[in-house]
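The structure appears below as structure tokens.
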Amino acid sequence: MKRLFVGSAESLLSLKDCFMNYPINWQLDELGPQPGEVAFEQWLQMIQANLEQFEKNITSRLNGVSSKLGSSIDPYELAKLIEQYGSVSGDWSQAVSLVGCYASDQSDNEQYRKAEGAVAAVYPMLTRADHALDRLLKGIEDQPWDAIKNSPELQNVFPFLERRRQEATLRLPDHLADFAGELNVDGLQGWSRLYDELSGSVRITVMERGELVEKSPGQIAFDSPDRTDRENKFFSSQRAWESISEPCAATLNHIVGSRLTLDRYANRESYLTIPHSQNRVTSRSIDAMWEAISGCKSELVKYLRAKQQLLNLDSISWYDLDAPLASHSPAVDYQTACETILDTFAAFHPPLKEFAEHALSSGWIEAEDRPGKRQGGFCTDFPPSKQTRIFMTHRGTEDGLSTLAHELGHAYHAWVLRNEPLVMQSYPMTLAETASTFAETVVAEERISKCADKQNRLAALDRQLQDSVSFLMNIHCRYIFDNQVHTRRAKGELSARELNEIMVDAQKQAYAGLLDDSGWNPTFWISKLHFYMSDEPFYNFPYTFGYLLSQRLYLEARNDPSGFPASYDQFLIATAGVSAISAAKESFGFDLESVSFWNEALQPIRERVESFVTISAEVNS
Ligand SMILES: [Zn+2]
Numbered sequence: 010m011k012r013l014f015v016g017s018a019e020s021l022l023s024l025k026d027c028f029m030n031y032p033i034n035w036q037l038d039e040l041g042p043q044p045g046e047v048a049f050e051q052w053l054q055m056i057q058a059n060l061e062q063f064e065k066n067i068t069s070r071l072n073g074v075s076s077k078l079g080s081s082i083d084p085y086e087l088a089k090l091i092e093q094y095g096s097v098s099g100d101w102s103q104a105v106s107l108v109g110c111y112a113s114d115q116s117d118n119e120q121y122r123k124a125e126g127a128v129a130a131v132y133p134m135l136t137r138a139d140h141a142l143d144r145l146l147k148g149i150e151d152q153p154w155d156a157i158k159n160s161p162e163l164q165n166v167f168p169f170l171e172r173r174r175q176e177a178t179l180r181l182p183d184h185l186a187d188f189a190g191e192l193n194v195d196g197l198q199g200w201s202r203l204y205d206e207l208s209g210s211v212r213i214t215v216m217e218r219g220e221l222v223e224k225s226p227g228q229i230a231f232d233s234p235d236r237t238d239r240e241n242k243f244f245s246s247q248r249a250w251e252s253i254s255e256p257c258a259a260t261l262n263h264i265v266g267s268r269l270t271l272d273r274y275a276n277r278e279s280y281l282t283i284p285h286s287q288n289r290v291t292s293r294s295i296d297a298m299w300e301a302i303s304g305c306k307s308e309l310v311k312y313l314r315a316k317q318q319l320l321n322l323d324s325i326s327w328y329d330l331d332a333p334l335a336s337h338s339p340a341v342d343y344q345t346a347c348e349t350i351l352d353t354f355a356a357f358h359p360p361l362k363e364f365a366e367h368a369l370s371s372g373w374i375e376a377e378d379r380p381g382k383r384q385g386g387f388c389t390d391f392p393p394s395k396q397t398r399i400f401m402t403h404r405g406t407e408d409g410l411s412t413l414a415h416e417l418g419h420a421y422h423a424w425v426l427r428n429e430p431l432v433m434q435s436y437p438m439t440l441a442e443t444a445s446t447f448a449e450t451v452v453a454e455e456r457i458s459k460c461a462d463k464q465n466r467l468a469a470l471d472r473q474l475q476d477s478v479s480f481l482m483n484i485h486c487r488y489i490f491d492n493q494v495h496t497r498r499a500k501g502e503l504s505a506r507e508l509n510e511i512m513v514d515a516q517k518q519a520y521a522g523l524l525d526d527s528g529w530n531p532t533f534w535i536s537k538l539h540f541y542m543s544d545e546p547f548y549n550f551p552y553t554f555g556y557l558l559s560q561r562l563y564l565e566a567r568n569d570p571s572g573f574p575a576s577y578d579q580f581l582i583a584t585a586g587v588s589a590i591s592a593a594k595e596s597f598g599f600d601l602e603s604v605s606f607w608n609e610a611l612q613p614i615r616e617r618v619e620s621f622v623t624i625s626a627e628v629n630s
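With the working numbering applied, the sequence shown covers 10 to 630.
Written out as structure tokens, the structure is:
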């Protein structure tokens, strides 16, 4: 109900409020039937039937022409098959997204949880369809491939075909692929599930109000302003993780060992071949990135030393890295968060602002702080409907504002791609986090520039630099560890003690020897789920890659405000192409394989360190 007053300043404010209210709950009805309804089951059955039909079509195509396949492929027929593939895989991902939204909205709803299981059970069918498609593409010889490249029917999906054909060459030989796929359920994936069980059983004993209580690891953070509290929690966690170190060491040995065996049978060049291919990057680009980062470590050390002084600490330990600075940031209600984001986007990229306004006012966002919701935040796509949904909980803090900006960055990425063919709308993890972190950075920088109070400014810079430490030091240590483990595992199994040592060595290198002797985290390899993910090896460097690329984009937006929006949209479309390297080259002329590019990308971080050090010296004096 709108109440309109006229006359006083107060009434004008009420008038403004009436028009600027963005809904805090999302609308899901138009995206498909509700899980648990008969219509939902029928939808899922239809998806299964379509997947089966697709696989049959490809198989009969493969059997029908056998060895002559390559010379007889008709571009028109291939175009039809690709369209069918886009449609069935698009429907499946729409169902997955929808169930995920309902289940996150009401975490204790049993019907939604069951529906999640039912949708997941369709996944192996999609994998089989994928394999069949890859077999078809791999079988096409070079000459007809050139004809395909030039055929008008396939022009707009050719980058997808090219990428899939390249990836198909990295797969196991046909006679082993299905066998390995089934064996992986009890092997590689089984080890991964065992880790989930082991880590899920861990309880950390901490002191609360004079009593010892047991907490799950997710409830423990080292972000208390009280150092004793952080220290106690850290050492209790160490003890808890240590209690499962032997079975976790065995699990990690078997996961890495299985991967190395698969690499060998598929004739892959190295254990990095698959992670590089999944992320559409080259080893040169990743090596160049780490080289530039290593040269920037002294800057981060400067920041952490200044923070150490502000916190009045004699030395820094792992559990001090997330310690908050004394001041706390002012509250930000949801409407203010929305308006702040829109204002900032408008200055940097007007189409991004228009999109965000559309998403905010159309019920695409669930942000209410209420019980029964899942933790965390995400943005999920509904390509067939050309929509996205954002899930988060806004608790009236600056963090909520950042999360909203971040997720809107993701949503805009999908929005720009919405009119491309369905198979040309997927992009790798390296580039997924670029659009989101860019949006988040733009908003954070704007907030800092408007922050008059020194303490608040320092706290805001600290939040940004904590992220830099995570991406450039923490993720670096995971990358070094992963490399060491893959190299040494090839020669034999590693004990828990050896894994502890490898982890501490990796941390010393990644954190430039900054921490106190007793302040390293030897059991980090046990507590970090990412090392145990069966299908995504090296789930670390893509984060850093996306983050730094977004920092370089931020510089570009700052230096070339008029040219930026068009190049940015072109870049987002190019992210669905064959390689991340060429996407950046074609849109902005960036050379991601050169150390100098990554050095430029580090520039905003250097600037923040300088501001932080300067302000902290003023505050301290
Ligand atoms: Zn994200």
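From the three backbone atoms N, C-alpha and C, an ideal C-beta is built for every residue, glycine too.
The model shown is predicted, which means the values in this text are computed figures rather than measured ones.
Between the Cα of residue i and those of the options, spot the shortest distance and give me the residue it belongs to.
| i | options | result |
| --- | --- | --- |
| Gly227 | Glu602, Leu538, Arg567, Phe580 | Leu538 |
| Leu6 | Ile67, Phe599, Phe354 | In the structure as shown, the chain begins at 10 and stops at 630. Residue 6 is therefore absent and cannot be evaluated. |
| Ser254 | Gly304, Val587, Ser536 | Ser536 |
| Thr214 | Asn165, Leu181, Phe243 | Phe243 |
| Ala301 | Leu431, Leu508, Ser603 | Ser603 |
| Asp195 | Glu609, Ile264, Leu185, Arg180 | Ile264 |
| Asp390 | Arg404, Ser576, Ala368, Asp378 | Ala368 |
| Glu176 | Ala186, Asp155, Lys147 | Lys147 |
| Thr532 | Ser543, Gln516, Ala521 | Gln516 |
| Asp462 | Ile624, Cys486, Asp476, Arg268 | Ile624 |
| His210 | Asp323, Glu510, Pro256, Ala593 | The question names His, but residue 210 in the sequence shown is Ser. When only C-alpha atoms are compared, the closest one is Pro256. |
| Leu330 | Glu616, Tyr31, Met482, Ser69 | Met482 |
| Val451 | Ser370, Val513, Arg561, Glu366 | Arg561 |
| Tyr421 | Arg398, Met134, Met433 | Arg398 |
| Gln103 | Leu558, Ala592, Leu53, Leu524 | Leu53 |
| Ala505 | Asp187, Ser116, Ser201, Ser252 | Ser252 |
| Phe197 | Phe597, Ser527, Glu545 | The sequence given here places Leu at residue 197; Phe does not occur at that position. Among Phe597, Ser527, Glu545, the Cα nearest to that of Leu197 belongs to Glu545. |
| Ser596 | Asn608, Glu616, Ala583 | Ala583 |
| Leu309 | Asn321, Trp35, Leu87, Leu524 | Leu524 |
| Glu366 | Lys382, Asp378, Thr349 | Thr349 |
| Glu206 | Thr260, Asp143, Arg236, Ala186 | Thr260 |
| Gly385 | Pro42, Asp100, Ser116, Leu87 | Ser116 |
| Ser303 | Cys486, His495, Ser106, Tyr548 | Cys486 |
Classify residue i as buried or exposed, calling it buried when 16 or more other Cβ atoms lie within 10 Å of its own Cβ.
| i | result |
| --- | --- |
| Pro380 | exposed |
| Pro359 | exposed |
| Phe540 | buried |
| Ser630 | exposed |
| Pro613 | buried |
| Lys25 | Residue confidence is low: Lys25 scores 43 on pLDDT, short of 50, so the model does not pin down where it sits. Its coordinate-derived value is still stated next. Burial call: exposed. |
| Tyr274 | exposed |
| Thr412 | buried |
| Ser20 | The predicted model places Ser20 with a pLDDT of 39, which falls under 50 and marks its position as unreliable; any figure quoted below should be read in that light. Exposed, by the Cβ-count rule. |
| Thr353 | buried |
| Asn509 | buried |
| Lys77 | Residue placement at Lys77 is poorly supported in this model, since its pLDDT is 46, which falls under 50; the coordinates are not used for a value here. |
| Tyr512 | The amino acid at residue 512 is misidentified as Tyr; the sequence shows Met. It is buried - the Cβ of Met512 has at least 16 other Cβ atoms within 10 Å. |
| Phe188 | exposed |
| Pro339 | exposed |
| Gly598 | exposed |
| Cys216 | The question names Cys, yet the displayed sequence has Met at residue 216. Exposed. |
| Gly99 | buried |
| Asp183 | exposed |
| Arg404 | exposed |
| Val425 | buried |
| Gly219 | exposed |
How close, in whole Å, do the beta carbons of residue i and residue j come, if the pair is a contact with beta carbons under 8 Å?
| i | j | result |
| --- | --- | --- |
| Asp638 | Leu334 | With the chain covering only 10 through 630, there is no way to say anything about residue 638. |
| Ala575 | Val290 | Incorrect: roughly 25 Å between the Cβ atoms, too far for contact. |
| Val587 | Glu171 | 5 Å |
| Gly45 | Gln164 | Contact doesn't hold; Cβ gap of about 43 Å is too wide. |
| Ala448 | Leu417 | 6 Å |
| Met433 | Ala592 | With 8 Å as the limit, Met433 and Ala592 do not qualify as a contact, their Cβ atoms being about 12 Å apart. |
| Val97 | Phe49 | At roughly 17 Å, the Cβ-Cβ gap does not stay under 8 Å, so Val97 and Phe49 are not in contact. |
| Pro551 | Met438 | 4 Å |
| Ala610 | Leu558 | 7 Å |
| Ala156 | Pro84 | 7 Å |
Against chain D, does residue i count as a neighbour if the rule is that its beta carbon must be under 9 Å from one of theirs?
| i | result |
| --- | --- |
| Leu207 | The structure shown contains no chain D; it is built from a single protein chain. |
- Beta carbon nearer than 6 Å to a non-hydrogen atom of ligand 1: So the residues near ligand 1 by this Cβ test are His415, His419, Glu442, Ser445.
- Item | Complete runs of the alpha helix (DSSP H) confined to the region 496-576 [at least 4 residues] | You should have 505-519, 533-536, 550-568.
- Which whole runs of the beta strand (DSSP E) in the region 171-252 are 3 residues long or more, in chain order? 213-217, 220-224
- Message: Quick check on the DSSP output: what are the complete alpha helix (DSSP H) runs of length 4 or more inside the region 113-170, in order along the chain?
- Response: 119-129, 132-147, 151-159
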